[in-house]
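Asks: Residue numbers (this note's numbering): 627 to 957. Where is the CB? At the ideal position from N, CA and C, for every residue including glycine. Below you'll find the structure I mean.
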C-alpha cells in the first residue's frame with residue numbers, strides 16, 4: 627500500500643526511523659520518504675546512509691505547528707515517532723516533556739487534518755499503560771489525542787496507535803549500558819531489582835508491526851503485539867555471563883513490571899492471533915466492528931479482568947534466546 631505514496635516520519639533520525647526507512651526502501655517503492663527531526667547532525671549522518679532520490683530531509687520540531695504542517699503537505703501516511711523518552715530526564719524536566727509529547731502530538735494531528743493525510747500511526751510505549759512516571763503520562767495523553775482525532779477527522783483521515791515494549795539494543799536501553807560497564811571494567815553489574823521484568827521486541831519486529839497495522843486499521847485502535855518478556859537477571863547473565871551483580875534500587879518513575887493492556891481496559895480489549903487491540907473508550911463518529919480488521923482478520927474479546935503484563939506473560943526468553951536475539955538484531 628506504500629507504492630508511489632509519500633510518507634512522513636517524525637523523529638525520523640532515531641533507531642526506529644532509520645530501520646523503517648531501510649525497510650521501505652528495500653521492500654516498497656514509495657514516492658517520497660520525508661525525515662522530519664530537529665537534529666541537523668543526525669540528519670546529515672542519515673543522508674550519508676540513505677541518499678535515494680525519494681528521500682527528503684526536513685529540519686523541524688513537532689513543537690512548531692507551522693513547520694510540521696508545512697512538512698505534511700502532499701503526505702499520504704505519517705508515522706509519528708518523535709518523543710522525549712528518557713524516564714529520569716522527564717521527571718526532572720516535566721514541562722519540556724509535555725511540550726514535545728503532548729503539544730507536539732496535537733500539532734501532528736492538526737497538520738494531518740489540515741493536509742488531509744490518509745492515515746497516521748503514532749508510536750506509544752508500555753509506560754503509557756497505568757503510568758507512574760511523567761513520560762508514561764504524557765504518552766497516555768498523546769494516545770488519547772490520536773484516538774479522539776478520528777472524530778475530528780470524520781473519515782477524512784484515520785489515526786491509530788502502536789504500543790510496545792523495550793527494543794533490543796536501542797539507544798538508551800539497558801544493554802548498551804551493561805556492555806559499556808563491562809568494557810570499562812567497573813565491577814559488579816548494577817541491577818535495579820532482582821524481580822524486574824520487561825517486554826522485549828526487535829527493531830525490525832516493531833517496524834513490521836507498524837507497517838502491517840496501516841492495512842489493519844479502522845482508526846481509533848491501540849495495537850499491542852504479543853511479544854516475550856525478559857527477566858533483568860537473565861538479561862544481565864546473557865550480556866555478561868558470570869559477572870556479579872549489585873542491587874541499586876528502582877530509579878525515579880520506574881516500575882517493577884510493565885503493562886501493555888491494563889486490567890481496567892479488559893472490557894475494551896480484543897485478542898487476535900499475534901496481537902491485541904484496545905478499542906476506544908469514547909463513542910466513535912461511526913459504528914466500527916473492531917473484532918474484524920481491514921485485513922479481514924477476526925478477534926475475540928478477552929476475559930474480564932485480563933491484564934497483559936511483563937511479569938505475568940506466558941512467554942519468557944531464556945538466557946540463550948536473549949543472546950541469540952541480540953546477535954541477530956540489526957540496528
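Are the CB atoms of residue 737 and residue 783 within a distance shorter than 8 Å?
Replies: Contact: no.
Asks: Helix, strand or coil for residue 654 per DSSP?
Replies: Residue 654: coil per DSSP, three-state reduction.
Asks: Once DSSP output is grouped into helix, strand and coil, what is the label at residue 954?
Replies: Helix, per DSSP.
Asks: Once DSSP output is grouped into helix, strand and coil, what is the label at residue 681?
Replies: Looking at residue 681 - three-state DSSP - the assignment turns out to be strand.
Asks: Apart from the five residues on each side of it in sequence, which residues of its chain come closer than 6 Å, Cβ to Cβ, to residue 713?
Replies: Closer than 6 Å at Cβ, skipping near neighbours: 759, 761 and 879.
Asks: On a CA-only basis, which of 627, 777, 728 and 734 is nearest residue 766? Give me that one, please.
Replies: Of 627, 777, 728 and 734, the residue nearest in Cα terms is 728.
Asks: Let me know the alpha helix (DSSP H) ranges lying completely inside the stretch 713 to 781, each 4 residues or longer, listed in chain order.
Replies: Correct list: 713 to 718, 720 to 724, 730 to 740 and 760 to 779.
Asks: What does DSSP give as the partner residues of residue 844 in its beta bridges?
Replies: Residue 844 is not bridged to any residue.
Asks: For residue 786, report the span of its beta strand (DSSP E) as first-last.
Replies: That run of the beta strand (DSSP E) goes 784 to 788.
Asks: Alpha helix (DSSP H) containing residue 865: first to last residue?
Replies: First-last of the alpha helix (DSSP H) with residue 865: 858 to 865.
Asks: Please list, in chain order, all residues of the same chain as residue 914 whose beta carbon is under 6 Å from its beta carbon, the five residues on each side excluded.
Replies: Same-chain partners within the cutoff: 844.
Asks: Which residue comes first and which comes last in the beta strand (DSSP E) that contains residue 816?
Replies: Residues 815 to 817.
Asks: With DSSP as the reference, label residue 939 as helix, strand or coil.
Replies: Residue 939: coil per DSSP, three-state reduction.
Asks: Pick from 685, 700 and 667: whose alpha carbon is nearest that of residue 630?
Replies: Measuring from the Cα of residue 630, the nearest candidate turns out to be 700.
Asks: Grab the span of the beta strand (DSSP E) containing residue 897 for me, first residue to last.
Replies: It spans 895 to 897 - the beta strand (DSSP E) in which residue 897 sits, taken as one unbroken run.
Asks: Cutting at 6 Å between CB atoms, please list the residues of its own chain near residue 745, excluding the five before and the five after it.
Replies: Around residue 745: 703, 784 and 840.
Asks: Please confirm if the stretch 911 to 931 is in contact with the stretch 850 to 864, defined as three or more CB-CB distances below 8 Å between the two stretches.
Replies: Flag = no, the stretch 911 to 931 and the stretch 850 to 864 do not touch.
Asks: Under the three-state reduction of DSSP, which class applies to residue 792: helix, strand or coil?
Replies: Three-state DSSP puts residue 792 in a strand.
Asks: By a C-beta neighbour count over all protein chains shown, 10 Å radius and 16 as the cutoff for buried, is residue 820 buried or exposed?
Replies: Residue 820 comes out exposed.
Asks: Select from 824, 764, 788 and 925 the residue whose C-alpha is nearest the C-alpha of residue 732.
Replies: Answer by Cα proximity: 764.
Asks: In the DSSP assignment, find the alpha helix (DSSP H) that holds residue 672 and state where it starts and stops.
Replies: Start and end: 666 to 675.
Asks: Along the chain, where does the beta strand (DSSP E) containing residue 872 start, and where does it finish?
Replies: Here the beta strand (DSSP E) through residue 872 covers 871 to 873.
Asks: What residues match up with residue 926 in a beta bridge as DSSP calls it?
Replies: Beta-bridge pairing links residue 926 to 897.
Asks: In three-state DSSP terms, what is residue 628?
Replies: Of the three classes helix, strand and coil, the one that applies to residue 628 here is coil, per DSSP.
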